[in-house]
Amino acid sequence: MSIHVNGIEISSRAINIESAYHQESGADPRYAQRRAAVALTVRELLKQRAEQLRMEVPDEDDALDPVIDELIAEEVHIPEADTETCRRWYEQNPSRFRSPDLAEVRHILIAGHPEDLKEREQARTTAEQLIEELQHNPGVFAERAKQYSRCPSAEQGGWLGQVSNGETVPEFEDAVLRLPVGLAEQPIKTRYGFHVVDVLQHVSGEQLPFEAVEARIKEYLEVVSRQRAISQYIKLLAGEAEIRGIDLDQAESLLIQ
1 MSIHVNGIEI
11 SSRAINIESA
21 YHQESGADPR
31 YAQRRAAVAL
41 TVRELLKQRA
51 EQLRMEVPDE
61 DDALDPVIDE
71 LIAEEVHIPE
81 ADTETCRRWY
91 EQNPSRFRSP
101 DLAEVRHILI
111 AGHPEDLKER
121 EQARTTAEQL
131 IEELQHNPGV
141 FAERAKQYSR
151 CPSAEQGGWL
161 GQVSNGETVP
171 EFEDAVLRLP
181 VGLAEQPIKT
191 RYGFHVVDVL
201 QHVSGEQLPF
211 EAVEARIKEY
221 LEVVSRQRAI
231 SQYIKLLAGE
241 AEIRGIDLDQ
251 AESLLIQ
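Residue 194 in our numbering is what sits at position 194 of the sequence shown, and the numbering runs on without skipping anything.
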């Protein structure tokens, strides 16, 4: 497989070498080849455009990046995101700008290795028995945590503090954030075993004020605008060029990666 851009060849060897920089673990090697072919084609288009503008283009390909940066700065208009644009995006995406929901939790982890079915079943039985006991005698929760739990929180009577998404494991967080306040009627199953859970309180997340996130929104929108503008510019160059061996119209998602 070779590619020609206005008569300049991009060899199969060059594509194979470049593909090493695009290989992802477990991914189809053909995808890396495709990404490499697109990257080298785009690079050649930009190099040729720089030469047309009589920019000083180095012979060494490794030194081409500053020239490409200069070319894009000169030829591609990237609009800034003003306050009005940022505010409109903020109002259209309110869920992105909330502090997380929290649950104050204590628990007792009855450990059970996920591949040991007998141990897992015993862990479930123990957790269910503890729940039954705690329903009748909730005052012994901390004592039972110290006795049974295989979590470091056992020393604090099972107290985990406030839990939100991203702080423990998803299967635990998803459950405790949905549970009502009080002792859960069933144990929560996770990769670590079965948890006896007591939700002490919920704290609902709050909408963050626009002023607190405006800078973050501005940065995000300008990155998106830059990607879109460069993609359009590359498609314009490709439309004016004679390219054989690859169809960039079928590779739009790879143009600026």
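By construction, the Cβ of each residue, glycine as well, lies at the ideal position given by its N, Cα and C atoms.
What you are looking at is a predicted structure, and each value in this text was computed from that prediction instead of being measured.
Residue from the options whose Cα sits closest to the Cα of residue i
i	options	result
residue 11	172, 31, 44, 92	44
residue 62	47, 147, 38, 170	47
residue 201	127, 228, 177	177
residue 167	105, 219, 120, 245	105
residue 145	159, 136, 137, 132	159
residue 198	14, 94, 142, 122	142
Alpha-carbon spacing of residue i relative to residue j, whole angstroms
i	j	result
residue 210	residue 78	24 Å
residue 116	residue 32	39 Å
residue 55	residue 65	13 Å
residue 235	residue 249	8 Å
residue 100	residue 113	31 Å
residue 185	residue 131	7 Å
residue 125	residue 163	26 Å
residue 3	residue 231	20 Å
residue 7	residue 37	16 Å
residue 28	residue 18	15 Å
residue 22	residue 13	15 Å
Where residue i falls: helix, strand or coil (DSSP)
i	result
residue 14	helix
residue 133	helix
residue 168	coil
residue 30	helix
residue 111	strand
residue 150	coil
residue 5	strand
residue 49	helix
residue 244	strand
residue 139	helix
residue 239	helix
residue 84	helix
Enclosing beta strand (DSSP E) for residue i [first to last residue]
i	result
residue 198	193 to 203
residue 163	159 to 163
Boundaries of the alpha helix (DSSP H) in which residue i is found, first to last residue
i	result
residue 188	Per DSSP, residue 188 belongs to no alpha helix (DSSP H); it is in the beta strand (DSSP E), 188 to 190.
residue 68	65 to 75
Cβ separation of residue i and residue j, assumed to be a contact under 8 Å, to the nearest whole Å
i	j	result
residue 151	residue 102	That pair is no contact at about 19 Å.
residue 121	residue 187	That belief does not hold up - the Cβ atoms of residue 121 and residue 187 are roughly 12 Å apart, past 8 Å.
residue 81	residue 183	At roughly 49 Å, the Cβ-Cβ gap does not stay under 8 Å, so residue 81 and residue 183 are not in contact.
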